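S.K.: Got a structure for you, written out below as structure tokens; questions coming shortly.
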Amino acid sequence: MNRYCAIGEASEALGVSITTLRRWEREGKVIPERTAAGHRRYDLAKLKPELFHAAPQNRKTIAYARVSSHDQKNDLER
């Protein structure tokens with residue numbers, strides 16, 4: 002028997018935000034069932050995190066730091 006859950010529980014099971022689940026629905030990655038009242042219900046058996054997480058992209062991280070006085074300049078070296 003399938004176990005259906007609300008969007009909050011599904012997002013916790015996948016480790017993503019509720020907004021992400023809604024975006025995946027718009028993109029067609031996830032198709033939830035709808036209750037008579039229109040609430041989303043997700044089949045936990047079909048929710049597999051590895052299906053939704055793309056391979057990590059090569060990204061560069063850029064950091065910006067600013068100090069408010071000359072005395073704090075050495076703090077940037079940490």
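Residue numbers (the working numbering): 2 to 79.
Glycine included, each C-beta is placed from N, C-alpha and C at the ideal position.
A quick note: this is a predicted structure, and the numbers were derived from the prediction, not measured.
1) Can you find at least 3 beta carbon pairs, one from the region 13-20 and one from the region 36-50, that sit closer than 8 Å?
2) Determine the closest residue to Glu10 out of Tyr43, Arg27, Tyr65, Glu26, with distance taken between C-alpha atoms.
3) Go to Arg23, then tell me how far its alpha helix (DSSP H) extends in each direction, as first and last residue.
4) Which value, in whole angstroms, describes the spacing of the CA atoms of Thr62 and Ala38?
5) Which whole-angstrom value describes the C-beta separation of Arg60 and Ile8, a residue pair presumed to lie in contact below a C-beta threshold of 8 Å?
6) Hey, could you find the ends of the beta strand (DSSP E) Asp44 is sitting in?
M.R.: In short:
1) yes
2) Tyr43
3) 19-28
4) 44 Å
5) About 28 Å; that fails the 8 Å criterion.
6) 41-44
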